[in-house]
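Start counting the sequence shown at 668; every next residue gets the next number (this note's numbering).
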Amino acid sequence: AALEAEARRALRAGPFSVTHKMTVPPSGDKHDYMSQAPYFWPNPRTPNGLPYVRRDGERNPEIDRISDHRELDQMVAAVYTLALAYYLRGDEVYAAKATQLLRAWFLDARTRMNPHLQYAQAIPGVTTGRGIGLIETRGLIRVVDAIGLLAGSKSWTTDDQRGLEDWFARFLRWMRESKNGRDEAAAENNHGTYYDAQVASFALFLGKRELATEILLTARQKRIARQIEPDGRQPLELARTRSWSYSVGNLEGLMLLAALAENVGVDLWNYQTADGRSIRRALEYLFPFAIGERKWPYQQITAWTPQELFPLLRRAAVKYKDEKYRAMVAKVPRAAPSDLERLLYPNP
């Protein structure tokens, strides 16, 4: 019922487009996605505020002047909700609306986004775009899932499917060949995690199983072994001013990689280095802080949100079927009856 209520609201949403922004990208083409780095502010030491300087974890409200990131997130949320409602209820009206939103963002020559992020997370006075901007498209993984949920509907046509496959093929090529894409691939923190998740997801969508398998096998050493300490700490996330939020967020990305890896027979859930670095260990490190047994010793300049970890724990308990995880899950609140998690994941 909660999903249907959300889907009915989504029927009134959009359409969304990168062409709605008032700012014109450096290319002069409004079809190019653009955004501004959220943690950079005017320089107090210069008359014109340039170059902008970094204040980690503090969001500059100026970023809202460019609407692309906001509209992208709204499109992803609406399309996923509508597709899931169609899949579970079979009501074609939801599929028709999801199709309309997808065509506007990806296919319609008047409103579509060009398949690159050359101008994402610009810093005034420094750069017109950075590889870091690829974190902003991690929601496209949900779009890929939504396309699968729409399969078989009357609204979603063969031409739509081919058009989206072509768009993602070009975007994936840009991710792997451009300087910005290569920079993000080399990132060792959460940015690298979500880069891999996008590449693996889009590769699976396009039938490139060898590429997906390569990325997911490499993630054992490149992501899990390098990002997680033997005791479960994630040092690159702990160094941030929002260390709890980033630790949970990166762990969610690693678990997403583990879920994607199941499609190609790679087990990241149970992968462990000789000295104990693993997804499981990272989760167990965070658990006592989430339930209040220990006080978080690192910087967190925004609100403390222990509940962020609870969905990850419930998902992990389905994978780690042992007494320890049953006891851990018993200490966290059950998902509310209206929580979409109850529709998406088994009940641990």
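Idealized CB from N, CA, C, for every residue including glycine. Fair warning: this is a prediction, and the values are worked out from it, not measured in the lab.
To which residues of the same chain is residue i closer than 7 Å at the C-beta, ignoring the five residues directly before and after it?
| i | result |
| --- | --- |
| residue 746 | 765, 768, 769, 810, 813 |
| residue 779 | 698, 772, 773 |
| residue 864 | 805, 808, 920, 923, 924, 927 |
Quick one: what's got a C-beta closer than 8 Å to residue i's C-beta in the same chain, skipping five residues either side?
| i | result |
| --- | --- |
| residue 686 | 697, 698, 777, 778 |
| residue 907 | 723, 724, 913, 966 |
| residue 1033 | Residue 1033 is absent from the model: the chain starts at 668 and stops at 1015. |
Report the option in the options whose CA atom is closest to the CA atom of residue i.
| i | options | result |
| --- | --- | --- |
| residue 855 | 902, 823, 819 | 902 |
| residue 734 | 968, 788, 757 | 788 |
| residue 958 | 995, 970, 937, 705 | 995 |
| residue 926 | 883, 783, 910 | 883 |
| residue 847 | 827, 783, 805 | 783 |
| residue 919 | 859, 715, 840 | 859 |
| residue 845 | 796, 917, 713 | 796 |
| residue 742 | 711, 693, 682, 775 | 682 |
| residue 894 | 853, 694, 756 | 853 |
Quick check: the Cα distance between residue i and residue j, rounded to an integer number of angstroms?
| i | j | result |
| --- | --- | --- |
| residue 724 | residue 802 | 15 Å |
| residue 842 | residue 867 | 12 Å |
| residue 986 | residue 960 | 24 Å |
| residue 831 | residue 737 | 21 Å |
| residue 691 | residue 701 | 9 Å |
| residue 761 | residue 876 | 30 Å |
| residue 869 | residue 948 | 28 Å |
| residue 915 | residue 953 | 8 Å |
| residue 838 | residue 991 | 42 Å |
| residue 988 | residue 935 | 15 Å |
| residue 973 | residue 993 | 19 Å |
| residue 828 | residue 729 | 37 Å |
| residue 794 | residue 1007 | 39 Å |
| residue 899 | residue 849 | 28 Å |
| residue 941 | residue 834 | 41 Å |
| residue 716 | residue 904 | 29 Å |
Are the beta-carbon atoms belonging to residue i and residue j less than 7 Å from one another?
| i | j | result |
| --- | --- | --- |
| residue 980 | residue 999 | yes |
| residue 946 | residue 976 | no |
| residue 892 | residue 944 | yes |
| residue 823 | residue 816 | no |
| residue 1005 | residue 669 | yes |
| residue 719 | residue 790 | yes |
| residue 909 | residue 969 | yes |
Beta-carbon within less than 6 Å of residue i's beta-carbon, same chain only, minus the 5 sequence neighbours each way: which residues are those?
| i | result |
| --- | --- |
| residue 781 | 698, 699 |
| residue 748 | 673, 674, 677 |
| residue 939 | 945 |
Check your understanding: Going along the chain, which unbroken runs of the alpha helix (DSSP H) with 4 or more residues stay wholly within the region 888–967?
Key -> Segments of the alpha helix (DSSP H) lying fully in the region 888–967: 902–905, 910–928, 946–957.
Review point. Counting only runs that start and end within the region 700–768, where is the beta strand (DSSP E) found for 3 or more residues in a row?
Key: Whole beta strand (DSSP E) segments, 3+ residues: 701–703.
Check your understanding: What are the start and end residues of each continuous alpha helix (DSSP H) run of 4 or more residues lying completely inside the region 813–879, in chain order?
Key -> As far as the region 813–879 is concerned, its whole alpha helix (DSSP H) runs of at least 4 residues are 825–844, 846–853, 857–872.
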